Amino acid sequence: ERRGLLKPGGTIIEGTSGNTGIGLAWVAALRGYKSVFTITDKQSREKINLLKALGAEVIVCPTAVEPEDPRSYYSVAKALAKEIPNAYYPNQYANPTNPEAHYRTTGPEIWKDTEGRVTHFVAGMGTGGTITGVGRFLKERNPKVRVLGVDPIGSMYYDKIKHGRIVPAKTYVVEGIGEDFFPATCDLKLIDDVLQVTDRDSFIVTRKLARLEGLFCGGSAGSAVWGALKFAERLSAKDLVVVLLPDTGMRYLSKIYNDEWMREGQYFEADIHLQARDVLQLKRREKGERKLVMARPQDTLLAALEQMRKQDISQLPVFEKSKPVGAVFEDAILNLLLKGREIKKMVVREVMAHSLPVVTPEARIESIMRLVTPESPAVLVTTGKAQFEIITKYDIVTAVAKFADQGPAANGSR
252 ERRGLLKPGG TIIEGTSGNT GIGLAWVAAL RGYKSVFTIT DKQSREKINL
302 LKALGAEVIV CPTAVEPEDP RSYYSVAKAL AKEIPNAYYP NQYANPTNPE
352 AHYRTTGPEI WKDTEGRVTH FVAGMGTGGT ITGVGRFLKE RNPKVRVLGV
402 DPIGSMYYDK IKHGRIVPAK TYVVEGIGED FFPATCDLKL IDDVLQVTDR
452 DSFIVTRKLA RLEGLFCGGS AGSAVWGALK FAERLSAKDL VVVLLPDTGM
502 RYLSKIYNDE WMREGQYFEA DIHLQARDVL QLKRREKGER KLVMARPQDT
552 LLAALEQMRK QDISQLPVFE KSKPVGAVFE DAILNLLLKG REIKKMVVRE
602 VMAHSLPVVT PEARIESIMR LVTPESPAVL VTTGKAQFEI ITKYDIVTAV
652 AKFADQGPAA NGSR
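Here the sequence shown is numbered in this note's numbering, starting from 252 and rising by one per residue.
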């Protein structure tokens with residue numbers, strides 16, 4: 252308003268995952284502005300309803316698209332700002348007042364309340380405004396303060412900060428943190444270390460905060476606390492850790508605090524604690540030691556099909572120079588036969604699909620189950636240098652049933 256960017260009767264437009272949009276909607280309602288917010292389809296129904304209750308128009312956009320895609324909530328917000336007369340687009344991802352607000356308020360508050368004794372600051376990273384503003388202030392007061400980030404698996408921050416590389420973003424469920432690009436509001440140089448957190452760990456810790464500590468928070472708070480606990484394992488009693496919890500649990504009653512939603516997403520802690528090694532040990536006990544059956548890219552399809560028939564299996568991992576390079580499936584070969592293709596002269600390389608996922612012997616059964624899909628019906632387990640074994644969905648079902656029958660005493664590796 253002071254700069255003349257927002258005029259009477261104007262419209263505030265912003266892409267949001269919650270907090271910023273809700274704050275702007277409140278201001279718009281108080282000062283008589285219209286407001287339009289773009290939000291991704293993974294955000295909770297409560298956030299959308301709250302924005303609408305404050306008089307805002309809400310446009311829901313797909314999550315799983317590139318930032319530059321015209322359907323993304325970033326792109327839609329920018330387009331609306333150009334189309335709607337007298338519109339103001341704060342753009343929290345490139346607005347310097349975002350980190351500045353935390354530099355002027357949140358940082359000083361932490362410094363004052365800890366009497367300058369804070370040694371570590373832990374936070375999630377979305378726009379990066381919080382961790383940048385707070386981190387800059389604390390490091391100016393004491394350069395020894397460590398600024399630690401927590402990033403959901405699928406976000407781009409972790410690999411950039413930890414390894415200096417850019418890895419394509421993937422979808423994740425936790426809201427409000429993580430990014431599929433690098434906002435101008437996040438100064439990565441201020442972040443000393445970063446941890447990756449799963450959706451599952453984020454949600455489990457979030458629920459524990461409510462039940463054990465009386466802290467009714469959102470999923471990104473669970474992410475931050477999970478990270479703080481991991482970082483704290485390396486610290487001493489002299490260290491003072493401050494963790495920032497961004498929002499309230501009231502916005503997640505239909506999701507994180509809903510048992511059915513947690514169950515459908517397989518986020519609950521498992522009653523059966525199994526690892527890949529437990530499944531493999533059971534296979535060996537019941538079927539004996541077996542060498543991994545595999546194919547080579549140059550093998551004929553008929554030879555691969557015959558191997559599957561003899562072993563009574565429906566897929567073969569494909570290896571080249573002791574490395575998995577693909578997989579060939581019985582259905583793919585049969586489809587070729589049904590189409591009248593001459594497969595006698597065809598080789599595996601011509602029809603092989605992507606390689607099966609690879610896990611370590613320590614991989615938890617829940618993690619493996621998420622990797623087992625119709626496209627990848629099995630996983631490979633590294634059991635030594637250039638050595639692999641295979642776990643199929645059938646193996647998992649057999650192991651879970653076996654350990655469930657035997658009860659807690661047989662609950663696998665801990």
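From the three backbone atoms N, C-alpha and C, an ideal C-beta is built for every residue, glycine too.
Given the structure is predicted, the values throughout are model-derived calculations rather than measurements.
Considering residue 575, what are the terminal residues of the beta strand (DSSP E) in which it resides?
Here residue 575 corresponds to residue number 324 of the sequence shown, with the count starting at 1. Residue 575: member of the beta strand (DSSP E) spanning 574-580, first to last residue.
What is the rounded straight-line gap between the Cα of residue 377 and the Cα of residue 430?
Stepping through the sequence shown from its first residue, residue 377 is reached at position 126. Stepping through the sequence shown from its first residue, residue 430 is reached at position 179. Looking at the two C-alpha atoms, the distance is approximately 6 angstroms.
Kindly indicate which three-state DSSP category residue 402 falls into: helix, strand or coil?
One-based indexing of the sequence shown puts residue 402 at position 151. Reduced to three states, the DSSP call for residue 402 is strand.
Between the stretch 439-446 and the stretch 596-612, are three or more C-beta pairs nearer than 8 angstroms?
no
Can you list, in chain order, the residues of its chain with a C-beta nearer than 8 angstroms to that of residue 389? Leave out the 5 residues immediately preceding and following it.
Start at 1 with the first residue of the sequence shown, and residue 389 comes out as number 138. Correct list, in chain order: 358, 361, 362, 369, 372, 396 and 398.
Between 413, 563 and 420, which lies nearest to residue 317 when the distance is taken from Cα to Cα?
By 1-based counting over the sequence shown, the position of residue 317 is 66. Selected option, being the one with the closest Cα: 420.
Pairs of beta-carbons, one from the stretch 449-466 and one from the stretch 532-548, closer than 8 angstroms: are there three or more?
Counting C-beta pairs with one atom in each stretch, the stretch 449-466 and the stretch 532-548 have fewer than three that are closer than 8 angstroms, which means they do not touch.
Given this structure, state the Cα-to-Cα distance separating residue 482 from residue 446, to the nearest angstrom.
Taking the first residue of the sequence shown as position 1, residue 482 is located at position 231. Taking the first residue of the sequence shown as position 1, residue 446 is located at position 195. Those two C-alpha atoms are separated by around 8 angstroms.
Counting only runs of 4+ residues fully inside the stretch 457-509, write out the alpha helix (DSSP H) ranges in chain order.
470-483, all fully within the stretch 457-509.
Taking 8 angstroms as the cut-off, does the stretch 573-586 touch the stretch 489-509 (at least 3 CB pairs, one atom from each stretch)?
no
Residues in its own chain within less than 6 angstroms of residue 332 by CB, not counting five upstream and five downstream?
Translated into the one-based positions of the sequence shown, residue 332 becomes position 81. The answer, listed in chain order, is 264, 338 and 340.
So what does DSSP say about residue 542, is it helix, strand or coil?
As a first step, residue 542 is located in the sequence shown; it is residue number 291 there, counting from the start. The answer is coil: DSSP assigns residue 542 none of H, G, I, E or B.
Buried or exposed: where does residue 260 fall if 16 or more other Cβ atoms within 10 Å of its Cβ makes it buried?
Position 9 of the sequence shown holds residue 260. Residue 260 is exposed by the Cβ-count criterion.
Report all residues from its chain with a CB closer than 8 angstroms to the CB of residue 508; omit the five preceding and five following residues, and keep chain order.
In the sequence shown, residue 508 corresponds to position 257, counting from 1. Within the same chain, residue 508 has close Cβ partners 458, 461 and 500.
Would you identify the three-state DSSP class for residue 659, choosing helix, strand or coil?
Stepping through the sequence shown from its first residue, residue 659 is reached at position 408. Caution is warranted here: a pLDDT of 45 is assigned to residue 659, below 50, making its placement in the model unreliable, and the coordinate value is therefore given only provisionally. Helix, per DSSP.
Taking C-beta to C-beta, are residue 652 and residue 527 nearer than 8 angstroms?
Taking the sequence shown and counting its residues from 1, the one referred to as residue 652 is at position 401. Taking the sequence shown and counting its residues from 1, the one referred to as residue 527 is at position 276. Their beta carbons are not under 8 angstroms apart, which means residue 652 does not touch residue 527 by this criterion.
Below 8 angstroms between beta carbons: does that hold for residue 449 and residue 314?
Locating residue 449 in the sequence shown gives position 198, where the first residue counts as 1. Locating residue 314 in the sequence shown gives position 63, where the first residue counts as 1. A distance of 8 angstroms or more separates the beta carbons of residue 449 and residue 314.
Three or more beta-carbon pairs under 8 angstroms between the stretch 534-549 and the stretch 633-650, yes or no?
The answer is yes - the stretch 633-650 touches the stretch 534-549, with three or more Cβ pairs under 8 angstroms.
Hey, how far is the Cα of residue 408 from the Cα of residue 561?
Within the sequence shown, the letter at position 157 stands for residue 408. Within the sequence shown, the letter at position 310 stands for residue 561. In a straight line, the C-alpha of residue 408 is about 47 angstroms away from that of residue 561.
Taking Cβ to Cβ, would you say residue 271 is nearer than 8 angstroms to residue 324?
The sequence position of residue 271 within the sequence shown is 20, counting from 1. The sequence position of residue 324 within the sequence shown is 73, counting from 1. Not a contact, by the Cβ cut-off of 8 angstroms.
What is the rounded straight-line gap between the Cα of residue 659 and the Cα of residue 428?
Taking the first residue of the sequence shown as 1, we reach residue 659 at position 408. Taking the first residue of the sequence shown as 1, we reach residue 428 at position 177. Any reading at residue 659 must be qualified, since the residue scores a pLDDT of 45, below 50, and its modelled position is unreliable; the value itself is stated next. Computed Cα separation, rounded: 37 angstroms.
Under 6 angstroms Cβ to Cβ from residue 552, same chain only, skipping five residues before and after it: list those, please.
Stepping through the sequence shown from its first residue, residue 552 is reached at position 301. So the qualifying residues of the chain are 584, 594 and 597.
Use the C-beta contact count for residue 525: other C-beta atoms within 10 angstroms, 16 or more gives buried, fewer gives exposed.
The residue labelled residue 525 in the question sits at position 274 within the sequence shown. The residue is buried, with at least 16 neighbouring Cβ atoms inside 10 Å.
If we count the other Cβ atoms within 10 Å of its Cβ and call it buried at 16 or more, is residue 592 buried or exposed?
The sequence position of residue 592 within the sequence shown is 341, counting from 1. Residue 592 is exposed by the Cβ-count criterion.
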